Amino acid sequence: MTERPPVLSVRGLSVRFLLPGGRRIAAVTDARFDVAPGECLALIGESGCGKSVLASALLGLLPANAQTAGGAFLGDLDLLTADERTLARTVRGRRIGLIPQSPAAHLTPVRTVRSQMEETVAQLTGVRGRTALRTAAERAARRAGFPPDHLDRHPHELSGGLAQRAATALALIGDAPLLLADEPTTGLDRDLVDRTVDELRRHVDADGDRALLMITHDLAAAERVADRVAVMYAGRIVELADAKAFFGAPGPRHPYSRGLLDALPDRAFTPIPGMPPELGDLPDGCAFAARCDRATDACTALPPFTGSIACHHPAPAPAPAPAPEDIRA
Ligand SMILES: Nc1ncnc2c1ncn2[C@@H]1O[C@H](COP(=O)(O)OP(=O)(O)OP(=O)(O)O)[C@@H](O)[C@H]1O
Ligand code: SF4
Ligand SMILES: [Mg+2]
């Protein structure tokens with residue numbers, strides 16, 4: 001069987017911010033990963049490690065002081081070099097549905113949620129007529145757990161959790177092949193977190209050609225929905241792993257990933273010591289070395305990313321599944 005091409009292919013993506021006085025912030029460095037059709041990839045990592053900047057780069061939403069390198073392909077289209085007209089007309093909403101990290105800021109403040117929902121339905125699905133638009137908007141609201149009787153509210157009349165659900169509803173309307181969800185569960189209680197990520201998963205499963213890239217701090221949500229996990233530290237992907245092996249046995253391989261899981265209250269509840277380095281002043285070697293209990297002299301050299309791990313002393317890789325003839329023996 002021929003393998004289908006990825007929905008998204010990120011190839012050596014880097015983002016630098018140029019600051020007055022010549023300072024450079026290395027927000028994302030050499031990110032490489034694919035998201036396959038039918039796959040949910042969770043991108044995790046501490047605050048400020050570059051997750052949202054990576055998402056903004058994919059959508060052409062970086063500020064003017066940003067420089068990018070590498071490529072990020074949606075089919076044949078390189079998102080990093082596509083012009084604004086192409087991104088606005090054919091990518092945002094249609095080929096990539098975005099659930100933004102600050103939904104309240106993403107919604108238009110002077111219009112009701114209903115009018116924004118109906119406008120998006122009309123733009124992306126071609127539905128016309130008052131009654132049909134009303135029905136479609138209410139359906140979209142329900143899909144994301146947004147109560148239809150709140151549709152006539154303005155964004156400032158919504159709680160953070162409700163604004164989150166309104167943004168999720170808007171992102172799902174276009175049935176885009178790639179959903180990019182940046183902290184889609186912030187401000188939601190556990191039941192709603194589960195409902196929201198289950199809806200995102202359903203969106204992917206409803207059509208085997210769709211995919212989800214979900215940025216999250218909520219590792220329980222990542223475990224619930226993800227097929228694979230990408231761990232980011234100081235702008236770099238340091239581990240890319242199968243979600244079952246990562247959250248279960250044998251667990252993560254990178255010391256930073258292990259630290260993230262050990263910090264959880266239902267695990268060791270032991271925080272990672274120290275703080276991440278400044279992205280404007282990164283060391284030459286491994287950026288995690290100052291916090292790492294496995295660091296050696298070798299770690300003063302940058303560990304290369306093998307496609308699954310960037311560490312000189314990772315925990316052993318999971319044993320490969322036995323071949324059928326070994327099981328029979
Ligand atoms: N316009 C900008 N100019 C300079 N630096 C910026 C700019 N935008 C973002 N940064 C920096 O890029 C880094 C990565 O930010 P980003 O928002 O991607 O973090 P994050 O991983 O999404 O964090 P969080 O989990 O808190 O959302 C941060 O150090 C941030 O200060
Ligand atoms: S490369 Fe060295 S310092 Fe970095 S995470 Fe691996 S063991 Fe720790
Ligand atoms: Mg962010």
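To convert, note that position 3 of the sequence shown is 3 in full-length UniProt numbering; the numbers rise steadily by one, no gaps.
Beta carbons are placed, not taken as given, at the ideal position from N, Cα and C, and that holds for glycine.
No experiment lies behind these values; they were computed from the predicted model shown.
- Closest in alpha carbon position to residue 249, among 272, 320, 159, is 320.
- Ranked by how close their Cα comes to the Cα of residue 173, the residues 70, 10, 120 have 120 in first place.
- The three-state secondary structure of residue 67, taken from DSSP, is strand.
- Between residue 223 and residue 231, the CB-CB gap reaches or exceeds 7 Å.
- Check the Cα spacing between residue 259 and each of 314, 215, 89: the tightest is with 314.
- Distance between residue 151 and residue 68, taken at the CA atoms: about 39 Å.
- CA-to-CA, the gap between residue 85 and residue 21 works out to about 32 Å.
- For residue 246, the CB stays at least 6 Å from every heavy atom of ligand 2.
- Taking a 10 Å sphere around the C-beta of residue 306, we find fewer than 16 other C-beta atoms and assign the residue as exposed.
- Listed in chain order, the beta strand (DSSP E) runs fully inside the region 230-316 are 236-242, counting runs of at least 3 residues.
- Residue 9 sits in a strand when the DSSP states are folded into three classes.
- For residue 77, the closest C-alpha among the options 278, 6, 264, 246 is that of 6.
- Any heavy atom of ligand 3 within less than 7 Å of a residue's beta carbon puts that residue on the list, which reads 51, 52, 101, 182, 183, 215.
- Inclusion of residue 294 in the 6 Å shell around ligand 2 follows from its C-beta lying nearer than that to a non-hydrogen atom of the ligand.
- The three-state reading of DSSP puts residue 129 in coil, since its state is none of H, G, I, E or B.
- Proximity of the region 263-272 to the region 31-43 falls short of the contact definition, fewer than three beta-carbon pairs being nearer than 8 Å.
- Rounded to whole angstroms, the gap between the alpha carbons of residue 157 and residue 192 is 20 Å.
- In this structure, the C-beta of residue 203 stays at least 6 Å away from each heavy atom of ligand 2.
- Here the alpha carbon of residue 148 sits roughly 38 Å from the alpha carbon of residue 261.
- Distance from the C-beta of residue 255 to the nearest heavy atom of ligand 2 is below 6 Å.
- Residue pairing by DSSP places residue 35 opposite 8 in a beta bridge.
- Within the same chain, 52, 182, 183 come within 6 Å of residue 101 by CB-CB distance, once the 5 residues on both sides are set aside.
- Your pair residue 214 and residue 43 checks out as a contact, with CB atoms roughly 7 Å apart and the cut at 8 Å.
- In this structure residue 110 is exposed. Its beta-carbon is surrounded by fewer than 16 other beta-carbon atoms within 10 angstroms.
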